[in-house]
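*Asks:*
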Amino acid sequence: MKLVKFEIAENQLIGVIVDNTVIDIHAAYHHYAEVKAKEHLNQEALPINLLDFLQTGNETLRLVQSISDYVLQNDVEDSSYKIFYSLSEVTICAPLHNPEKIICVGLNYLDHCKETGMEIPTSPIIFSKFTNALIGPNESVQLPINSQEVDYEAELAVIIGKTAKKVKEEDAMDYVFGYTILNDISARDIQLGDGQWLRGKTPDTFAPIGPYIVTKDEIADPHHLDIMLKLNGEVMQDSNTENLIFNIPFIISYLSQSMTLKPGDIIATGTPHGVGMSREPQVWLKDGDEMEITIEKIGTLLNPVENDNEPSKCS
129 MKLVKFEIAE
139 NQLIGVIVDN
149 TVIDIHAAYH
159 HYAEVKAKEH
169 LNQEALPINL
179 LDFLQTGNET
189 LRLVQSISDY
199 VLQNDVEDSS
209 YKIFYSLSEV
219 TICAPLHNPE
229 KIICVGLNYL
239 DHCKETGMEI
249 PTSPIIFSKF
259 TNALIGPNES
269 VQLPINSQEV
279 DYEAELAVII
289 GKTAKKVKEE
299 DAMDYVFGYT
309 ILNDISARDI
319 QLGDGQWLRG
329 KTPDTFAPIG
339 PYIVTKDEIA
349 DPHHLDIMLK
359 LNGEVMQDSN
369 TENLIFNIPF
379 IISYLSQSMT
389 LKPGDIIATG
399 TPHGVGMSRE
409 PQVWLKDGDE
419 MEITIEKIGT
429 LLNPVENDNE
439 PSKCS
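In my numbering, the protein residues as written are 129 to 443.
#1: Under the three-state reduction of DSSP, which class applies to Ile347: helix, strand or coil?
#2: Let me know the secondary structure DSSP gives Ser314 once reduced to three states.
#3: Nearest-angstrom Cα distance between Cys357 and Glu420?
#4: Among the residues of its own chain, which have a CB less than 7 Å from the CB of Ile220, if the five just before and after it don't count?
#5: Buried or exposed: which applies to Val403, given that a residue is buried once 16 or more other Cβ atoms fall within 10 Å of its Cβ?
#6: According to the neighbour-count rule (16 or more other Cβ atoms, all chains shown, within 10 Å of its Cβ), is Pro409 buried or exposed?
#7: Buried or exposed: where does Thr388 fall if 16 or more other Cβ atoms within 10 Å of its Cβ makes it buried?
#8: With contact counted as at least three CB pairs below 8 Å, one residue from each stretch, are the region 367–387 and the region 287–302 in contact?
#9: Do Ile355 and Ala282 come within 7 Å of each other at the CB atom, strictly closer than that value?
#10: For Ala222, count neighbouring C-beta atoms within 10 Å of its own C-beta (all shown protein chains included) and say buried if the count is 16 or more, exposed if not.
#11: Kindly list the residues whose CB is nearer than 8 Å to the CB of Ser443, restricted to its own chain and excluding five residues on each side of it in sequence; keep chain order.
#12: Can the beta-carbon of Pro331 be found less than 7 Å from the beta-carbon of Pro272?
#13: Terminal residues of the continuous alpha helix (DSSP H) containing Leu179?
#14: Only counting runs of 4 or more residues, tell me where the alpha helix (DSSP H) segments fall wholly within the region 259–333, in order along the chain.
#15: Looking only at its own chain, which residues have a Cβ that is under 6 Å from the Cβ of Thr333, when we skip the five neighbours before and after it?
#16: Where does Leu374 sit, in a helix, a strand or coil, going by DSSP?
#17: Taking the beta strand (DSSP E) that Tyr237 falls in, what are its first and last residues?
#18: Does Asp393 pass the burial test, meaning 16 or more other C-beta atoms within 10 Å, or should it be called exposed?
#19: List the DSSP bridge partners of Leu448.
#20: When DSSP builds the beta bridges, which residues end up paired with Lys229?
#21: For the 8 Å Cβ check, are there 3 or more pairs between the region 346–354 and the region 183–201?
#22: Leaving out five residues on either side along the sequence, give the residues of the same chain with a beta carbon under 7 Å from the beta carbon of Val363.
#23: Tell me whether Asn431 is buried or exposed, calling it buried when 16 or more other Cβ atoms sit within 10 Å of its Cβ.
Here's what the structure looks like:
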């Protein structure tokens, strides 16, 4: 399934994407309960946001799949609920806005290591972003006034589905709920000038994410997915997740030895070659740019770029 958080008439809802249609799963749930006269169905059983959805486990996922299948296979035109929306009717939001953790892996593609001239890491390089950085599809990345060297990074993001603590590598995929796209926007002058990466990695709007969470059953092998980023229509990054240095099971196991991973935690697995910093001449994001990331079997994440014109309060 492709799960989505969408907004219509100022209401944020959870949906399932089928082709170019969004199924409002709460409306579908209520219709299903009425038609089947299943009074025993708990009308509060479906969470109202995707983080709560993830925390309820596989039982809720199976229920949503069953209800989605039902409304697709039966005539629901006479329903008192509006169940279906076209993608053009709704605004797609960031699928998650308040995860406990956003964990990122640096220098995790062989081709990216080569372009930067850095040695291949012997263990994962880990850093974090905060929730202030999260934005959804079509929302603008804002260029901070204290950076002149803002870069893009297309990344496959893993969404954790259940609590993981000290898990074995061979069991790690059991803890994956699904996958999405994350753009690890980076202020290189701050990132490299500070001596550590945090301040350059997590300014406001620096983690565009989405458009959907694709459940892991839809992707047989996440290590063989084409990944591409276009800047103003020009291909800048074009690779495949087979070039990951540390694969997803290793990363999950590695992290879980030190920290407990929770449902909804986001792990961005690194970016391939083609970043602006490593180009000649270097390419930095500017006001009016448009970034478009496509990952096979997931979708496309598009975000414009604009200057942050709010004046600094520092003298």
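We treat Cβ as the ideally placed atom computed from N, Cα and C, and that holds for glycine. Source: prediction; values computed, not measured.
*Replies:* Considering the structure as presented:
#1: Within the sequence shown, residue 347 is the residue found at index 219, counting from 1. Note: Ile347 maps to coil in three-state DSSP.
#2: Looking up residue 314 in the sequence shown gives position 186. Assignment of Ser314 by DSSP, reduced to helix, strand and coil, places it in the strand class.
#3: Translated into positions along the sequence shown, residue 357 becomes position 229. Translated into positions along the sequence shown, residue 420 becomes position 292. Reading off the sequence, residue 357 comes out as Leu, not Cys. C-alpha separation (whole angstroms): 6 Å.
#4: As a position in the sequence shown, residue 220 is number 92, starting the count at 1. These residues qualify, in order along the chain: Val132, Phe134, Gly264, Pro265, Gly338, Pro339.
#5: The count along the sequence shown starts at 1 and reaches residue 403 at position 275. So Val403 ends up on the buried side.
#6: Locating residue 409 in the sequence shown gives position 281, where the first residue counts as 1. By the beta-carbon neighbour count (other beta carbons within 10 angstroms, threshold 16), Pro409 is exposed.
#7: The count along the sequence shown starts at 1 and reaches residue 388 at position 260. Label assigned to Thr388: exposed.
#8: Three or more Cβ pairs closer than 8 Å define a contact, and the region 367–387 meets that threshold against the region 287–302.
#9: Taking the first residue of the sequence shown as 1, we reach residue 282 at position 154. Taking the first residue of the sequence shown as 1, we reach residue 355 at position 227. Going by beta carbons, Ala282 and Ile355 fall inside the 7 Å limit.
#10: Along the sequence shown, read from residue 1 onward, the residue named residue 222 stands at position 94. Result: buried.
#11: If you number the sequence shown from 1, residue 443 lands on position 315. Note that Ser443 scores a pLDDT of 47, beneath 50, so its modelled location is shaky; the value from the coordinates is reported in the next line. There are no such residues.
#12: Along the sequence shown, read from residue 1 onward, the residue named residue 331 stands at position 203. Along the sequence shown, read from residue 1 onward, the residue named residue 272 stands at position 144. Note that the C-beta distance between Pro331 and Pro272 is below 7 Å.
#13: The residue given as residue 179 occupies position 51 in the sequence shown. Leu179: member of the alpha helix (DSSP H) spanning 178–183, first to last residue.
#14: Segments of the alpha helix (DSSP H) lying fully in the region 259–333: 316–321, 326–329.
#15: Numbered from 1 along the sequence shown, position 205 holds the residue referred to as residue 333. Excluding positions up to five away in sequence, the list reads Ile263, Val269, Gln270.
#16: The residue you call residue 374 lines up with position 246 of the sequence shown. First, the residue type needs correcting, since residue 374 is Phe and not Leu in the sequence shown. Reduced to three states, the DSSP call for Phe374 is coil.
#17: Locating residue 237 in the sequence shown gives position 109, counting from the first residue. Here Tyr237 belongs to no beta strand (DSSP E), and DSSP marks it neither H nor E.
#18: Here residue 393 is taken as the residue at index 265 of the sequence shown, counted from 1. It counts as buried.
#19: Nothing about residue 448 can be reported from this structure: the residues present for the chain run from 129 to 443 only.
#20: In the sequence shown, counting from the first residue as 1, residue 229 sits at position 101. In DSSP, Lys229 forms no bridge with anything.
#21: Not touching, per the Cβ criterion.
#22: Position 235 of the sequence shown, counting from 1, holds the residue named residue 363. Excluding positions up to five away in sequence, the list reads Met356.
#23: As a first step, residue 431 must be located in the sequence shown, where it is residue number 303. The residue is buried, with at least 16 neighbouring Cβ atoms inside 10 Å.
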